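Notes follow once the structure below has been shown.
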Amino acid sequence: MVDEVSAGQAVELAPAAAHEVFGDAWPRVDSFADMLVAEGELRGLIGPRELPRLWTRHLLNSSAVAGFVPRDVRLADVGSGAGFPGVVVALMRPDLDVHLIEPMERRTAWLNDVVEQLSISNVTVHRARAEELHGVDSFAVVSARAVAALRKLVPWVGPLIAPSGRLLALKGERAAQEVEDARKVLRKHGLQQTTVHEVVVGGTEEPTRVVEAVRARD
Ligand SMILES: C[S@@+](CC[C@H](N)C(=O)[O-])C[C@H]1O[C@@H](n2cnc3c(N)ncnc32)[C@H](O)[C@@H]1O
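Under my numbering, think of the first position of the sequence shown as 41, with each following residue one higher.
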């Protein structure tokens, strides 16, 4: 439903199902949406066409990752941009220690503002490319959305995944083809058991695809 207008722009209203999807996180996810509406386009974080699909395409889509993350682990969201899916997952899963890895200064400044304004205590923002953390740190879960095709993404994120850890990549309709195209690099980085999960998130019509690839124990 699109019937709110902010600075002349149509803004999608949260579907009723969003309250249920986000549960206890709802008030802060709603505040995050307000921040994006007020500043997202102005600060060059989201394009002009995104506000009319802010909930369905971005916030609810990001929520699909949360269900695949084990409890009490460290998660790195690579290429967080405006905060998708990392900020949403951190708000939904206060048990996680979330690290947002983003190289662009303008975007890390925004992410730090979000963390401060929403008083998020389980997020650390790193201004870095994923490759700069190779051999420096590793995580039980690495998430990514809209950063690069899997074949290109896996060499960036593979070395950040701890033994027995997993990659969770939010992908579009071509998810299965991307997995096929990335077979060789997935194997090279010890990523096995690759599954494309089709998740139907409440309030959205299109299924969300989460590619899960689990790293061998070593
Ligand atoms: C198209 S944006 C997507 C942002 C967000 N994940 C989303 O879904 O809206 C891609 C982001 O990945 C970041 N990025 C590109 N290469 C990267 C790398 N090697 N390591 C970490 N982040 C990277 C870019 O700076 C950009 O913010």
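Glycine residues also receive a C-beta, built at the ideal position from the N, C-alpha and C atoms.
These numbers come from a predicted model, not from an experiment.
Look at residue i and residue j and say whether their C-beta atoms are less than 8 Å apart.
i    : j    : result
A57  : V239 : no
A54  : W95  : yes
S183 : D258 : no
N162 : L193 : no
A180 : I141 : no
Taking 7 Å as the cut-off, is the CB of residue i close to at least one heavy atom of ligand 1?
i    : result
E179 : Here residue 179 is Phe; the residue named in the question, Glu, does not match the sequence. No - ligand 1 has no heavy atom lying nearer than 7 Å to the Cβ of F179.
G119 : yes
I160 : no
A253 : no
R147 : yes
A186 : yes
M144 : yes
A104 : no
Measuring CA to CA, which of the options is closest to residue i?
i    : options                   : result
E245 : E220, L100 and W66        : L100
V251 : H59, G212 and E81         : G212
R147 : A253, Q157 and H166       : H166
A152 : G121, D177, E171 and G175 : Note that residue 152 is Asn in the sequence shown here, rather than Ala. Checked all of G121, D177, E171 and G175; the closest Cα to N152 is G121.
V129 : V254, S204, L173 and V155 : V155
G175 : A78, Q157 and W196        : W196
V113 : F62, G205 and F124        : G205
P110 : V138, V69 and R83         : V138
A106 : H229, E218 and A209       : A209
E171 : I201, R185, R249 and L131 : I201
L188 : W66, P125, G119 and E81   : First, the residue type needs correcting, since residue 188 is Ala and not Leu in the sequence shown. It is G119.
Q232 : L207, R68, W150 and G242  : L207
A253 : V219, P67, G242 and G243  : V219
The alpha helix (DSSP H) with residue i in it runs from where to where?
i    : result
P195 : L190 to V197
Is any heavy atom of ligand 2 found at a distance shorter than 7 Å from the C-beta of residue i?
i   : result
F72 : Looking at this structure, you won't find ligand 2 anywhere; what it does contain is ligand 1.
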